[in-house]
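Asker:
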Amino acid sequence: MSATRGTRPRPDDVRVDRDTDLPLLGRLNAYGFRLLMAADAVAIVGALVLPMVFRDVFNIRTASRPLREYIIGYALVLALHFVSFYFGGLYEREQRLGSRPVLPRIVSMAIGAMLLVALVQLFTQNFVVPRPNLLLVPVLVSLGLAGNRRISRELRDRREGPPRVLLVGVPDDVNLAREHLDDVRGTARIVGTTTRVAELMTLQRQTGATDVLVVTSRMIDDAYPEPLATLEGLGVNVLRRISAQDTLLGLSGVREVAGLPFVVLGRSALPASRARFKRTIELLELVVTLPIWVSAIGCIGVYVLLTAGRPVLFWQQRVGMDGRLFRMVKFRTMRPDAEIDGRPKLASAVDDRVVPSLRWLRRTRLDELPNLWNVVRGEMSIVGPRPERPELTEQFELVIPGYDRRHEIPPGLTGLAQVHGRYHTDPEYKLGYDLQYLVNWSPVLDLQIQLRTIWVMVTRRM
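Residue numbers (the numbering used here): 12 to 473.
1. Going by other Cβ atoms of all chains shown within 10 Å of its Cβ, with 16 needed for buried, is ALA52 buried or exposed?
2. Give me the Cα-Cα distance between PRO367 and ARG400, rounded to the nearest whole angstrom.
3. By the DSSP assignment, the alpha helix (DSSP H) with GLY84 in it spans what residues?
4. Could you tell me whether the region 133-147 touches the region 186-193, using the rule of 3 or more Cβ pairs below 8 Å?
5. Whether or not the region 117-130 and the region 161-168 are in contact is what I'm after, with contact meaning three or more pairs of Cβ atoms, one per stretch, closer than 8 Å; do they touch?
6. Pick out whichever of LEU336, GLU439, ARG370 and THR198 has its Cα sitting closest to the Cα of GLY270.
7. Can you have a look at PHE65 and say buried or exposed, based on whether 16 or more other CB atoms are within 10 angstroms of its CB?
8. I'd like to know whether the C-beta atoms of PRO421 and ILE292 end up nearer to each other than 9 Å.
9. According to DSSP, is THR470 helix, strand or coil?
10. Report all residues from its chain with a CB closer than 6 Å to the CB of ARG116; omit the five preceding and five following residues, and keep chain order.
11. Alpha carbon to alpha carbon, how far is ARG200 from PHE325? Give it in angstroms, no decimals.
12. LEU427 and TYR414 look like a contact to me (Cβ under 8 Å); what is the Cβ gap, rounded to whole Å?
13. Just reading off the beta strand (DSSP E) that GLY423 is part of, what are its end residues?
14. Any idea what DSSP makes of TYR371, helix, strand or coil?
15. Buried or exposed for TRP466, please, with buried defined as at least 16 other CB atoms from any protein chain shown within 10 angstroms of its CB.
16. As an exercise, report each continuous beta strand (DSSP E) stretch of at least 3 residues that is fully enclosed by the region 150-209, in chain order.
17. Within 10 angstroms of the Cβ of VAL410, are there 16 or more other Cβ atoms? Answer buried if so, exposed if not.
18. Hey, LEU224 and ARG252 are a contact pair by Cβ (cut 8 Å); roughly how many whole angstroms apart?
19. Do you know offhand how far ALA58's Cα is from ARG329's?
20. Specify, as a first and last residue, the run of the alpha helix (DSSP H) that ARG287 falls within.
21. Which of the three DSSP states is assigned to LEU33 in this structure?
22. Would you report the Cα separation of ASN382 and VAL340, rounded to the nearest angstrom?
23. Taking buried to mean at least 16 other C-beta atoms within 10 Å of its own C-beta, is THR470 buried or exposed?
24. Just to check my reading of the structure: LEU446 and ARG417 have Cβ atoms closer than 8 Å, yes? What is that Cβ distance to the nearest angstrom?
25. With a 10 Å radius around its C-beta and 16 neighbouring C-beta atoms as the bar for buried, classify TRP371 as buried or exposed.
26. Rounding to the nearest angstrom, what Cα-Cα distance links LEU442 and THR425 in this structure?
27. So, under 8 Å CB-CB, VAL179 and THR213 are touching, yes? Tell me the CB distance rounded to an integer number of Å.
28. Going by beta carbon distance, what residues of the same chain come within less than 8 Å of ARG285, once the five residues before and after it are set aside?
29. Take the Cβ of ARG373 as the centre, count every other Cβ of all protein chains shown within 10 Å, and call the residue buried at 16 or more, exposed below.
30. Tell me, which residues are paired with LYS341 by DSSP?
31. Could you give the distance in angstroms between the alpha-carbon of ASP378 and the alpha-carbon of VAL365?
32. Can you tell which of ILE311, ARG266, ALA188 and GLN132 has its C-alpha closest to the C-alpha of GLU80?
33. Have a look at the DSSP bridge pairing and note the partners of LEU250.
34. Can you name the residues that DSSP bridges to GLU267?
35. With a threshold of 16 other CB atoms inside 10 Å of the CB of THR464, please say whether the residue is buried or exposed.
36. Applying the 10 Å Cβ sphere with the 16-neighbour rule, what's the burial state of GLY158?
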(Lines of atoms letter the chains of each structure in order from A and count residues from 1; the text may use other names and numbers.)
(Lines give C-alpha, C1' and ligand atoms only; values in the text may rest on other atoms or scores of the structure.)
Protein backbone atom coordinates (compact mmCIF):
# COMPACT_ATOMS: atom_id res chain seq x y z
CA MET A 1 0.00 0.00 0.00
CA SER A 2 1.31 3.45 -0.85
CA ALA A 3 2.21 5.96 1.82
CA THR A 4 -0.53 8.31 0.73
CA ARG A 5 -4.11 7.22 0.29
CA GLY A 6 -6.26 8.80 -2.41
CA THR A 7 -8.18 11.77 -1.06
CA ARG A 8 -10.07 14.66 -2.58
CA PRO A 9 -8.23 17.99 -2.87
CA ARG A 10 -8.86 20.45 -0.09
CA PRO A 11 -10.31 23.88 -0.90
CA ASP A 12 -7.19 25.61 0.43
CA ASP A 13 -5.04 23.57 -1.97
CA VAL A 14 -7.18 24.59 -4.91
CA ARG A 15 -6.99 28.25 -4.03
CA VAL A 16 -3.21 28.16 -3.67
CA ASP A 17 -2.95 26.61 -7.14
CA ARG A 18 -4.98 29.43 -8.60
CA ASP A 19 -2.73 32.04 -7.02
CA THR A 20 0.42 30.56 -8.54
CA ASP A 21 -0.30 32.52 -11.74
CA LEU A 22 1.95 34.99 -9.91
CA PRO A 23 4.76 32.79 -8.50
CA LEU A 24 5.68 35.06 -5.59
CA LEU A 25 2.06 35.70 -4.64
CA GLY A 26 1.34 31.99 -4.91
CA ARG A 27 4.16 31.13 -2.52
CA LEU A 28 3.05 33.81 -0.06
CA ASN A 29 -0.54 32.55 -0.19
CA ALA A 30 0.69 29.04 0.54
CA TYR A 31 2.05 30.35 3.85
CA GLY A 32 -1.16 32.21 4.67
CA PHE A 33 -0.13 35.71 3.52
CA ARG A 34 -2.73 37.89 1.80
CA LEU A 35 -2.28 41.25 0.12
CA LEU A 36 -5.10 42.43 2.34
CA MET A 37 -2.70 42.08 5.27
CA ALA A 38 -0.53 44.88 3.90
CA ALA A 39 -3.54 47.19 3.66
CA ASP A 40 -4.56 46.21 7.20
CA ALA A 41 -1.06 46.97 8.48
CA VAL A 42 -1.34 50.49 7.06
CA ALA A 43 -4.76 50.91 8.70
CA ILE A 44 -3.50 49.72 12.10
CA VAL A 45 -0.43 51.98 12.03
CA GLY A 46 -2.65 54.84 10.94
CA ALA A 47 -4.97 54.17 13.87
CA LEU A 48 -1.98 54.39 16.22
CA VAL A 49 -0.46 57.52 14.69
CA LEU A 50 -3.62 59.54 14.04
CA PRO A 51 -4.50 60.14 17.74
CA MET A 52 -0.91 61.22 18.38
CA VAL A 53 -1.09 63.75 15.52
CA PHE A 54 -4.43 64.96 16.87
CA ARG A 55 -2.83 65.55 20.28
CA ASP A 56 0.02 67.53 18.73
CA VAL A 57 -2.34 69.72 16.70
CA PHE A 58 -4.35 70.63 19.77
CA ASN A 59 -1.28 70.87 22.05
CA ILE A 60 -2.41 68.06 24.31
CA ARG A 61 0.62 67.14 26.39
CA THR A 62 1.89 63.56 26.22
CA ALA A 63 5.10 61.98 27.42
CA SER A 64 7.58 62.08 24.55
CA ARG A 65 9.60 58.94 23.84
CA PRO A 66 12.59 58.13 21.66
CA LEU A 67 11.71 57.12 18.10
CA ARG A 68 13.23 53.68 18.72
CA GLU A 69 10.69 52.99 21.49
CA TYR A 70 7.81 53.95 19.22
CA ILE A 71 9.07 51.67 16.43
CA ILE A 72 9.48 48.69 18.75
CA GLY A 73 6.20 49.38 20.56
CA TYR A 74 4.16 49.82 17.38
CA ALA A 75 5.71 46.67 15.89
CA LEU A 76 4.54 44.74 18.97
CA VAL A 77 1.04 46.27 18.75
CA LEU A 78 0.90 45.37 15.06
CA ALA A 79 1.95 41.79 15.79
CA LEU A 80 -0.67 41.36 18.52
CA HIS A 81 -3.38 42.64 16.18
CA PHE A 82 -2.37 40.25 13.42
CA VAL A 83 -2.31 37.32 15.85
CA SER A 84 -5.87 38.17 16.86
CA PHE A 85 -7.07 38.72 13.29
CA TYR A 86 -5.34 35.75 11.73
CA PHE A 87 -6.35 33.17 14.32
CA GLY A 88 -9.81 34.70 14.32
CA GLY A 89 -10.17 33.67 10.67
CA LEU A 90 -10.24 37.19 9.24
CA TYR A 91 -7.91 36.24 6.38
CA GLU A 92 -9.75 33.16 5.20
CA ARG A 93 -11.10 33.47 1.67
CA GLU A 94 -14.47 35.21 1.93
CA GLN A 95 -17.56 33.46 0.62
CA ARG A 96 -19.39 35.97 -1.54
CA LEU A 97 -22.87 34.44 -1.62
CA GLY A 98 -24.62 34.70 1.74
CA SER A 99 -21.64 36.38 3.40
CA ARG A 100 -22.19 37.83 6.85
CA PRO A 101 -21.43 41.38 8.03
CA VAL A 102 -17.74 41.51 8.84
CA LEU A 103 -17.69 44.63 11.05
CA PRO A 104 -18.96 42.92 14.27
CA ARG A 105 -16.21 40.29 13.96
CA ILE A 106 -13.55 42.94 13.36
CA VAL A 107 -14.71 45.00 16.35
CA SER A 108 -14.56 42.02 18.73
CA MET A 109 -11.10 41.01 17.50
CA ALA A 110 -9.78 44.60 17.62
CA ILE A 111 -10.98 44.94 21.22
CA GLY A 112 -9.34 41.63 22.09
CA ALA A 113 -6.06 42.73 20.51
CA MET A 114 -6.09 46.04 22.38
CA LEU A 115 -6.75 44.24 25.67
CA LEU A 116 -3.59 42.22 24.99
CA VAL A 117 -1.72 45.46 24.29
CA ALA A 118 -2.99 46.95 27.55
CA LEU A 119 -1.85 43.88 29.51
CA VAL A 120 1.61 43.97 27.93
CA GLN A 121 1.97 47.69 28.65
CA LEU A 122 0.80 47.21 32.23
CA PHE A 123 3.32 44.40 32.72
CA THR A 124 6.24 46.30 31.13
CA GLN A 125 5.19 49.76 32.32
CA ASN A 126 5.98 50.99 28.80
CA PHE A 127 2.89 52.92 27.65
CA VAL A 128 3.80 53.53 24.02
CA VAL A 129 0.03 53.71 23.39
CA PRO A 130 -1.31 56.33 25.87
CA ARG A 131 -4.13 55.10 28.09
CA PRO A 132 -6.83 57.35 26.52
CA ASN A 133 -5.90 56.00 23.08
CA LEU A 134 -6.58 52.42 24.18
CA LEU A 135 -10.29 53.16 23.71
CA LEU A 136 -9.95 55.11 20.47
CA VAL A 137 -7.56 52.84 18.58
CA PRO A 138 -9.95 49.80 18.32
CA VAL A 139 -12.59 52.08 16.81
CA LEU A 140 -10.20 53.42 14.19
CA VAL A 141 -8.77 49.97 13.48
CA SER A 142 -12.26 48.52 12.99
CA LEU A 143 -13.27 51.27 10.59
CA GLY A 144 -10.01 50.94 8.64
CA LEU A 145 -10.23 47.16 8.27
CA ALA A 146 -13.91 47.25 7.36
CA GLY A 147 -13.11 49.83 4.70
CA ASN A 148 -10.31 47.64 3.32
CA ARG A 149 -12.72 44.74 2.97
CA ARG A 150 -15.32 46.90 1.28
CA ILE A 151 -12.74 47.98 -1.29
CA SER A 152 -11.49 44.40 -1.67
CA ARG A 153 -15.03 43.11 -2.36
CA GLU A 154 -15.68 45.82 -4.95
CA LEU A 155 -12.42 45.06 -6.74
CA ARG A 156 -13.21 41.36 -6.71
CA ASP A 157 -16.73 41.96 -8.07
CA ARG A 158 -15.29 44.04 -10.91
CA ARG A 159 -12.69 41.39 -11.70
CA GLU A 160 -14.86 38.27 -11.41
CA GLY A 161 -18.37 39.62 -11.86
CA PRO A 162 -21.28 38.39 -9.71
CA PRO A 163 -21.26 34.79 -8.39
CA ARG A 164 -22.30 32.24 -11.04
CA VAL A 165 -25.01 30.06 -9.53
CA LEU A 166 -26.48 26.65 -10.29
CA LEU A 167 -29.95 25.97 -8.87
CA VAL A 168 -30.74 22.37 -7.89
CA GLY A 169 -34.29 21.36 -7.01
CA VAL A 170 -37.78 20.55 -8.19
CA PRO A 171 -39.25 23.06 -10.69
CA ASP A 172 -41.44 24.91 -8.16
CA ASP A 173 -38.52 25.49 -5.77
CA VAL A 174 -36.19 26.49 -8.60
CA ASN A 175 -38.72 29.04 -9.93
CA LEU A 176 -39.21 30.50 -6.46
CA ALA A 177 -35.45 30.90 -5.95
CA ARG A 178 -35.09 32.42 -9.43
CA GLU A 179 -37.73 35.03 -8.62
CA HIS A 180 -35.95 36.03 -5.41
CA LEU A 181 -32.55 36.25 -7.10
CA ASP A 182 -33.98 38.29 -9.98
CA ASP A 183 -35.55 40.72 -7.51
CA VAL A 184 -32.16 41.45 -5.93
CA ARG A 185 -30.11 42.44 -8.96
CA GLY A 186 -26.38 41.99 -8.78
CA THR A 187 -26.59 39.33 -6.06
CA ALA A 188 -25.82 36.47 -8.43
CA ARG A 189 -26.10 35.32 -12.02
CA ILE A 190 -27.99 32.07 -12.62
CA VAL A 191 -26.02 30.02 -15.14
CA GLY A 192 -28.01 26.79 -15.00
CA THR A 193 -30.70 24.76 -13.29
CA THR A 194 -31.24 21.05 -12.84
CA THR A 195 -33.66 18.68 -11.17
CA ARG A 196 -31.11 15.86 -11.04
CA VAL A 197 -28.06 15.81 -8.78
CA ALA A 198 -26.37 13.41 -11.22
CA GLU A 199 -26.10 16.26 -13.76
CA LEU A 200 -24.49 18.67 -11.30
CA MET A 201 -20.80 18.07 -12.08
CA THR A 202 -21.36 18.20 -15.84
CA LEU A 203 -23.22 21.50 -15.53
CA GLN A 204 -20.54 22.95 -13.26
CA ARG A 205 -17.81 22.16 -15.76
CA GLN A 206 -19.84 23.61 -18.63
CA THR A 207 -20.85 26.83 -16.87
CA GLY A 208 -17.92 27.48 -14.51
CA ALA A 209 -20.37 27.94 -11.64
CA THR A 210 -18.88 29.29 -8.43
CA ASP A 211 -21.85 28.45 -6.18
CA VAL A 212 -24.53 25.77 -6.00
CA LEU A 213 -27.85 26.44 -4.29
CA VAL A 214 -29.75 23.28 -3.34
CA VAL A 215 -33.27 24.71 -3.10
CA THR A 216 -35.06 21.40 -2.44
CA SER A 217 -33.74 20.20 0.91
CA ARG A 218 -34.33 16.47 0.49
CA MET A 219 -32.15 16.36 -2.64
CA ILE A 220 -29.01 16.85 -0.58
CA ASP A 221 -29.18 13.15 0.34
CA ASP A 222 -28.28 12.32 -3.27
CA ALA A 223 -25.29 14.73 -3.19
CA TYR A 224 -23.58 13.32 -0.09
CA PRO A 225 -20.77 12.39 -0.04
CA GLU A 226 -20.48 12.86 -3.82
CA PRO A 227 -20.52 15.16 -5.71
CA LEU A 228 -20.49 17.41 -2.62
CA ALA A 229 -16.91 16.43 -1.72
CA THR A 230 -15.64 17.02 -5.27
CA LEU A 231 -17.33 20.42 -5.47
CA GLU A 232 -15.76 21.44 -2.18
CA GLY A 233 -12.36 20.36 -3.48
CA LEU A 234 -12.85 22.60 -6.53
CA GLY A 235 -13.64 25.58 -4.31
CA VAL A 236 -17.32 25.66 -5.35
CA ASN A 237 -19.56 26.79 -2.49
CA VAL A 238 -22.63 24.65 -1.84
CA LEU A 239 -25.58 26.03 0.13
CA ARG A 240 -28.80 24.28 1.09
CA ARG A 241 -32.09 26.08 1.56
CA ILE A 242 -33.59 25.70 5.02
CA SER A 243 -37.06 24.20 5.19
CA ALA A 244 -39.58 24.49 8.01
CA GLN A 245 -38.69 20.98 9.19
CA ASP A 246 -34.99 21.87 9.33
CA THR A 247 -35.66 24.52 11.98
CA LEU A 248 -36.52 21.70 14.41
CA LEU A 249 -32.82 20.75 14.35
CA GLY A 250 -31.88 24.04 16.01
CA LEU A 251 -29.56 25.01 13.17
CA SER A 252 -27.07 27.81 13.70
CA GLY A 253 -25.08 29.70 11.11
CA VAL A 254 -27.99 30.35 8.76
CA ARG A 255 -27.11 32.60 5.79
CA GLU A 256 -29.44 34.89 3.84
CA VAL A 257 -29.37 34.88 0.04
CA ALA A 258 -31.90 37.12 -1.73
CA GLY A 259 -34.26 36.79 1.23
CA LEU A 260 -34.05 32.96 1.39
CA PRO A 261 -32.43 31.12 4.34
CA PHE A 262 -29.49 28.80 3.55
CA VAL A 263 -26.76 26.92 5.38
CA VAL A 264 -23.30 26.30 3.95
CA LEU A 265 -22.54 22.64 3.27
CA GLY A 266 -19.24 20.84 3.21
CA ARG A 267 -17.43 23.25 5.53
CA SER A 268 -16.88 20.83 8.42
CA ALA A 269 -13.08 20.94 8.33
CA LEU A 270 -11.23 23.66 10.20
CA PRO A 271 -10.08 26.64 8.12
CA ALA A 272 -6.30 26.88 7.84
CA SER A 273 -6.07 29.73 10.36
CA ARG A 274 -8.03 27.88 13.03
CA ALA A 275 -6.09 24.67 12.39
CA ARG A 276 -2.84 26.58 12.97
CA PHE A 277 -4.33 28.17 16.08
CA LYS A 278 -5.22 24.72 17.39
CA ARG A 279 -1.69 23.48 16.66
CA THR A 280 -0.14 26.51 18.41
CA ILE A 281 -2.24 25.99 21.55
CA GLU A 282 -1.37 22.29 21.72
CA LEU A 283 2.37 22.93 21.33
CA LEU A 284 2.23 25.47 24.16
CA GLU A 285 0.34 22.94 26.26
CA LEU A 286 3.01 20.31 25.61
CA VAL A 287 5.79 22.70 26.61
CA VAL A 288 4.04 23.73 29.85
CA THR A 289 3.28 20.13 30.87
CA LEU A 290 6.61 18.69 29.67
CA PRO A 291 7.87 17.55 33.13
CA ILE A 292 4.57 15.78 33.88
CA TRP A 293 4.17 13.72 30.74
CA VAL A 294 7.87 12.90 30.37
CA SER A 295 7.94 11.58 33.95
CA ALA A 296 4.71 9.60 33.42
CA ILE A 297 5.99 7.99 30.22
CA GLY A 298 9.26 7.06 31.93
CA CYS A 299 7.57 5.44 34.95
CA ILE A 300 5.01 3.53 32.88
CA GLY A 301 7.72 2.36 30.49
CA VAL A 302 9.69 0.84 33.37
CA TYR A 303 6.51 -0.84 34.70
CA VAL A 304 5.70 -2.40 31.31
CA LEU A 305 9.28 -3.66 30.99
CA LEU A 306 9.25 -5.27 34.45
CA THR A 307 5.78 -6.86 34.20
CA ALA A 308 5.47 -7.80 30.54
CA GLY A 309 9.00 -7.69 29.16
CA ARG A 310 10.03 -6.47 25.77
CA PRO A 311 8.97 -4.81 23.58
CA VAL A 312 7.79 -1.93 25.73
CA LEU A 313 6.49 0.14 22.82
CA PHE A 314 4.14 -0.91 20.06
CA TRP A 315 4.40 0.69 16.61
CA GLN A 316 1.64 0.42 14.06
CA GLN A 317 0.63 2.10 10.80
CA ARG A 318 -2.38 4.37 11.12
CA VAL A 319 -4.26 6.70 8.78
CA GLY A 320 -3.60 10.37 9.46
CA MET A 321 -4.58 13.71 8.01
CA ASP A 322 -5.59 13.62 4.34
CA GLY A 323 -5.31 9.84 4.40
CA ARG A 324 -1.51 9.84 4.82
CA LEU A 325 -0.07 6.87 6.68
CA PHE A 326 2.17 7.28 9.72
CA ARG A 327 3.63 5.06 12.44
CA MET A 328 1.76 5.55 15.72
CA VAL A 329 3.52 4.56 18.94
CA LYS A 330 1.92 3.44 22.22
CA PHE A 331 2.72 1.19 25.14
CA ARG A 332 2.25 -2.48 24.38
CA THR A 333 -0.71 -3.93 26.29
CA MET A 334 -1.40 -7.10 24.26
CA ARG A 335 0.51 -10.32 23.80
CA PRO A 336 3.13 -10.23 21.02
CA ASP A 337 1.09 -12.83 19.10
CA ALA A 338 -2.18 -10.85 19.35
CA GLU A 339 -2.54 -10.85 15.56
CA ILE A 340 -0.44 -13.85 14.66
CA ASP A 341 -2.62 -14.48 11.61
CA GLY A 342 -1.82 -10.99 10.29
CA ARG A 343 -5.47 -9.96 10.14
CA PRO A 344 -6.57 -6.76 11.93
CA LYS A 345 -9.14 -7.21 14.68
CA LEU A 346 -11.08 -4.50 16.51
CA ALA A 347 -10.49 -4.33 20.25
CA SER A 348 -13.42 -5.35 22.44
CA ALA A 349 -14.48 -4.44 25.96
CA VAL A 350 -13.26 -7.83 27.24
CA ASP A 351 -10.28 -8.82 25.11
CA ASP A 352 -8.34 -11.94 26.07
CA ARG A 353 -5.34 -10.72 24.06
CA VAL A 354 -4.58 -8.08 26.70
CA VAL A 355 -1.78 -8.92 29.16
CA PRO A 356 -3.48 -9.18 32.61
CA SER A 357 -0.92 -6.97 34.36
CA LEU A 358 -1.44 -4.27 31.74
CA ARG A 359 -5.23 -4.35 31.66
CA TRP A 360 -5.44 -1.33 33.99
CA LEU A 361 -3.11 0.56 31.69
CA ARG A 362 -5.52 0.04 28.81
CA ARG A 363 -8.58 0.87 30.90
CA THR A 364 -7.08 4.18 32.04
CA ARG A 365 -5.96 4.96 28.44
CA LEU A 366 -2.44 5.58 29.74
CA ASP A 367 -1.11 3.22 27.08
CA GLU A 368 -1.77 6.06 24.61
CA LEU A 369 0.68 8.47 26.28
CA PRO A 370 3.53 7.79 23.79
CA ASN A 371 1.19 9.22 21.13
CA LEU A 372 2.55 12.56 22.33
CA TRP A 373 5.64 11.81 20.23
CA ASN A 374 3.36 11.77 17.19
CA VAL A 375 1.83 15.06 18.38
CA VAL A 376 5.28 16.67 18.56
CA ARG A 377 6.02 15.47 15.02
CA GLY A 378 2.75 16.97 13.75
CA GLU A 379 1.29 13.58 12.77
CA MET A 380 -1.33 13.80 15.51
CA SER A 381 -2.96 16.39 17.73
CA ILE A 382 -3.95 16.15 21.38
CA VAL A 383 -7.67 16.21 20.55
CA GLY A 384 -9.18 14.89 17.33
CA PRO A 385 -10.62 11.74 15.75
CA ARG A 386 -8.67 8.66 16.84
CA PRO A 387 -6.43 7.25 14.07
CA GLU A 388 -7.56 3.95 12.61
CA ARG A 389 -5.65 1.22 10.84
CA PRO A 390 -5.60 1.45 7.02
CA GLU A 391 -7.16 -1.99 6.54
CA LEU A 392 -10.10 -1.12 8.77
CA THR A 393 -10.38 2.37 7.30
CA GLU A 394 -10.82 0.92 3.81
CA GLN A 395 -13.64 -1.29 5.08
CA PHE A 396 -15.38 1.58 6.87
CA GLU A 397 -15.14 3.88 3.84
CA LEU A 398 -16.94 1.30 1.73
CA VAL A 399 -19.95 1.01 4.04
CA ILE A 400 -20.08 4.37 5.88
CA PRO A 401 -20.74 7.41 3.64
CA GLY A 402 -18.46 10.34 4.44
CA TYR A 403 -16.09 8.33 6.64
CA ASP A 404 -13.05 9.97 5.00
CA ARG A 405 -14.13 13.39 6.31
CA ARG A 406 -12.64 12.52 9.68
CA HIS A 407 -9.21 12.71 8.02
CA GLU A 408 -9.48 16.43 7.34
CA ILE A 409 -7.56 17.25 10.53
CA PRO A 410 -4.74 15.38 12.28
CA PRO A 411 -6.00 12.46 14.41
CA GLY A 412 -6.02 12.92 18.15
CA LEU A 413 -4.72 11.39 21.34
CA THR A 414 -8.29 11.66 22.57
CA GLY A 415 -11.51 12.89 21.05
CA LEU A 416 -15.21 13.48 21.41
CA ALA A 417 -15.97 9.90 20.40
CA GLN A 418 -13.61 8.59 23.08
CA VAL A 419 -15.16 10.52 25.97
CA HIS A 420 -18.73 9.69 24.93
CA GLY A 421 -18.25 6.28 23.31
CA ARG A 422 -16.56 3.04 24.27
CA TYR A 423 -14.05 0.69 22.61
CA HIS A 424 -16.92 -1.35 21.16
CA THR A 425 -19.01 1.65 19.99
CA ASP A 426 -19.93 1.21 16.32
CA PRO A 427 -17.61 3.15 13.94
CA GLU A 428 -20.58 4.91 12.32
CA TYR A 429 -21.65 6.34 15.68
CA LYS A 430 -18.06 7.39 16.40
CA LEU A 431 -18.00 9.14 13.02
CA GLY A 432 -20.97 11.23 14.14
CA TYR A 433 -18.98 12.43 17.16
CA ASP A 434 -15.91 13.11 14.99
CA LEU A 435 -17.86 15.24 12.50
CA GLN A 436 -19.61 17.07 15.32
CA TYR A 437 -16.15 17.93 16.70
CA LEU A 438 -15.01 19.26 13.32
CA VAL A 439 -18.02 21.54 13.01
CA ASN A 440 -17.91 22.88 16.56
CA TRP A 441 -14.17 23.08 17.31
CA SER A 442 -13.02 25.71 19.76
CA PRO A 443 -10.27 25.91 22.41
CA VAL A 444 -12.99 25.60 25.06
CA LEU A 445 -14.29 22.37 23.47
CA ASP A 446 -10.76 20.94 23.45
CA LEU A 447 -10.39 21.80 27.14
CA GLN A 448 -13.73 20.15 27.94
CA ILE A 449 -12.72 16.98 26.09
CA GLN A 450 -9.37 16.83 27.88
CA LEU A 451 -11.05 17.23 31.28
CA ARG A 452 -13.62 14.54 30.41
CA THR A 453 -10.76 12.31 29.26
CA ILE A 454 -9.19 12.59 32.71
CA TRP A 455 -12.53 11.54 34.22
CA VAL A 456 -12.73 8.55 31.83
CA MET A 457 -9.21 7.55 32.87
CA VAL A 458 -10.01 7.83 36.57
CA THR A 459 -13.22 5.82 36.28
CA ARG A 460 -11.60 3.33 33.88
CA ARG A 461 -14.62 3.45 31.58
CA MET A 462 -14.07 1.61 28.29
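Beta carbons are placed, not taken as given, at the ideal position from N, Cα and C, and that holds for glycine.
Answerer: Answer, in terms of the structure:
1. exposed
2. 24 Å
3. Unbroken alpha helix (DSSP H) run through GLY84: 78-98.
4. Between the region 133-147 and the region 186-193, the count of Cβ pairs shorter than 8 Å is below three; the stretches do not touch.
5. no
6. THR198
7. exposed
8. The answer is no: Cβ separation not under 9 Å.
9. helix
10. There are no such residues.
11. When rounded, the distance between both Cα atoms is 57 Å.
12. That pair is no contact at about 16 Å.
13. 423-425
14. For the sequence presented, residue 371 should be read as Trp rather than Tyr. Three-state DSSP puts TRP371 in a helix.
15. Only exposed fits TRP466, as fewer than 16 other CB atoms lie within 10 angstroms of its CB.
16. 175-179 and 200-205
17. exposed
18. The pair is a contact, with the Cβ atoms about 7 Å apart (cut-off 8 Å).
19. So the two alpha carbons sit approximately 50 Å from each other.
20. 283-299
21. Confidence in LEU33 is poor, its pLDDT being 47 and thus under 50, which makes the residue's placement too unreliable to answer from.
22. 6 Å
23. By the 10 Å Cβ count, THR470 comes out exposed.
24. The Cβ separation is near 7 Å, so the contact holds.
25. exposed
26. 14 Å
27. The Cβ separation is near 13 Å, so there is no contact.
28. PHE98, GLY100 and TRP452
29. buried
30. The partner list for LYS341 (beta bridge, DSSP) reads PHE325.
31. 12 Å
32. GLN132
33. LEU224 and VAL275
34. PRO272
35. buried
36. exposed
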